[in-house]
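Colleague:
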Amino acid sequence: LQEEMEKVTWAFFAGGLPLNIGVKVASSGASIGLTATELVGLPEEIYEASPAELALRDRRILENLGIKIGVIDAVIENPDLPASLRHQITTTLPRLGDGPGRAEFVRLMVNCENGIQARFLSEALTLMAQRHEVTPYASYAIFGKLPAAYLPDGSMELVAPFDFVSWTEEFSEFIQKSPFESPTKRLVLTGNVSPTAAKALPTFGWETITVTTTPTP
Numbered sequence: 014l015q016e017e018m019e020k021v022t023w024a025f026f027a028g029g030l031p032l033n034i035g036v037k038v039a040s041s042g043a044s045i046g047l048t049a050t051e052l053v054g055l056p057e058e059i060y061e062a063s064p065a066e067l068a069l070r071d072r073r074i075l076e077n078l079g080i081k082i083g084v085i086d087a088v089i090e091n092p093d094l095p096a097s098l099r100h101q102i103t104t105t106l107p108r109l110g111d112g113p114g115r116a117e118f119v120r121l122m123v124n125c126e127n128g129i130q131a132r133f134l135s136e137a138l139t140l141m142a143q144r145h146e147v148t149p150y151a152s153y154a155i156f157g158k159l160p161a162a163y164l165p166d167g168s169m170e171l172v173a174p175f176d177f178v179s180w181t182e183e184f185s186e187f188i189q190k191s192p193f194e195s196p197t198k199r200l201v202l203t204g205n206v207s208p209t210a211a212k213a214l215p216t217f218g219w220e221t222i223t224v225t226t227t228p229t230p
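If you read the sequence shown in the working numbering, its first letter stands for residue 14, the second for the next number, and so on.
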């Protein structure tokens with residue numbers, strides 16, 4: 014190892030919202046900026062199947078979800094979507110039920126530009142699936158690149174597995190101007206928000222919920 018902590022940052026754009034994420038890459042747990050949560054457990058089968066077998070399994074799952082062949086091909090052939098994360102995302106999708114908008118998450122798989130974006134999407138959908146299994150969602154949507162879900166009562170949850178979020182000009186604009194179309198809005202995080210954000214979010218109708226992801230069985 015060149016250093017105990019290798020600094021890696023990336024910009025994850027949510028409709029023009031730059032969220033700078035520092036990825037944990039050391040056993041010490043050191044991190045910089047906003048940190049992405051540690052990757053949840055991967056399905057055991059990824060260690061037993063060849064890349065070709067995983068691709069075939071993913072293709073069958075996506076076909077059963079009604080995804081068009083051309084889109085499936087784009088998912089499988091995306092060189093920036095690691096096979097292990099692709100498989101975890103694919104196996105998570107059925108756990109979300111068949112609510113309208115679920116297929117939009119496949120578009121995010123097609124548009125993943127690196128492994129870190131794939132990791133973020135995997136964790137976000139895993140978190141969303143865990144919440145859906147407790148309180149079922151009615152439909153799904155995407156704002157920028159952030160997955161969102163609507164409950165039967167019309168409330169909306171924006172799922173973002175971040176450890177920390179600061180109140181910036183860009184974040185403020187995103188929160189106020191994005192077309193969420195819901196009177197009740199929740200920001201679901203795996204960490205915390207800054208004191209400024211904690212005060213500002215409720216004034217714009219946002220509730221903040223901190224949750225913990227559990228490993229995939």
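Each residue gets a CB set at the ideal place from its N, CA and C atoms; glycine is no exception.
Predicted model, so just to flag it, every value in this text is computed and none were measured.
In its own chain, which residues sit with a C-beta less than 6 Å from the C-beta of residue 155, not counting the 5 before and 5 after it?
Modeller: For the purposes of this step, residue 155 is taken as residue 142 along the sequence shown, with counting starting at 1. 117, listed in sequence order.
Colleague: Checking 8 Å against the spacing of the C-beta atoms, do residue 131 and residue 174 come in under that value?
Modeller: The sequence position of residue 131 within the sequence shown is 118, counting from 1. The sequence position of residue 174 within the sequence shown is 161, counting from 1. For residue 131 and residue 174, no; Cβs fall outside 8 Å.
Colleague: Can you tell me whether DSSP reads residue 78 as helix, strand or coil?
Modeller: To locate residue 78, count along the sequence shown from 1; it is residue 65. If DSSP states are grouped into helix, strand and coil, residue 78 belongs with coil.
Colleague: To which residues of the same chain is residue 198 closer than 6 Å at the C-beta, ignoring the five residues directly before and after it?
Modeller: Residue 198 sits at position 185 when you count from the first residue of the sequence shown. Here the set comprises 169, 218, 219.
Colleague: Less than 8 Å between the C-beta atoms of residue 178 and residue 207, yes or no?
Modeller: In the sequence shown, residue 178 corresponds to position 165, counting from 1. In the sequence shown, residue 207 corresponds to position 194, counting from 1. Yes, they are a contact pair.
Colleague: Do you know how far the Cα of residue 95 is from the Cα of residue 210?
Modeller: As a first step, residue 210 must be located in the sequence shown, where it is residue number 197. As a first step, residue 95 must be located in the sequence shown, where it is residue number 82. Residue 210 and residue 95: Cα-Cα distance of roughly 34 Å.
Colleague: Specify the secondary structure class of residue 96 as computed by DSSP and reduced to three states.
Modeller: As a working note, residue 96 is residue 83 in the sequence shown. Here DSSP, grouped into helix, strand and coil, assigns residue 96 to helix.
Colleague: Once DSSP output is grouped into helix, strand and coil, what is the label at residue 209?
Modeller: Reading the sequence shown from its first residue, position 196 is the one you call residue 209. Of the three classes helix, strand and coil, the one that applies to residue 209 here is helix, per DSSP.
Colleague: Taking the C-alpha atoms as reference points, what is the distance between residue 46 and residue 126?
Modeller: As a working note, residue 46 is residue 33 in the sequence shown. As a working note, residue 126 is residue 113 in the sequence shown. Residue confidence for residue 46 is low, a pLDDT of 33 falling below 50, so the modelled location carries little weight; the figure read from the coordinates is stated next. Cα-Cα distance, rounded: 20 Å.
Colleague: Ends of the alpha helix (DSSP H) at residue 152?
Modeller: Here the question's residue 152 lines up with position 139 in the sequence shown. For residue 152, no alpha helix (DSSP H) encloses it; the enclosing beta strand (DSSP E) starts and ends at 152-156.
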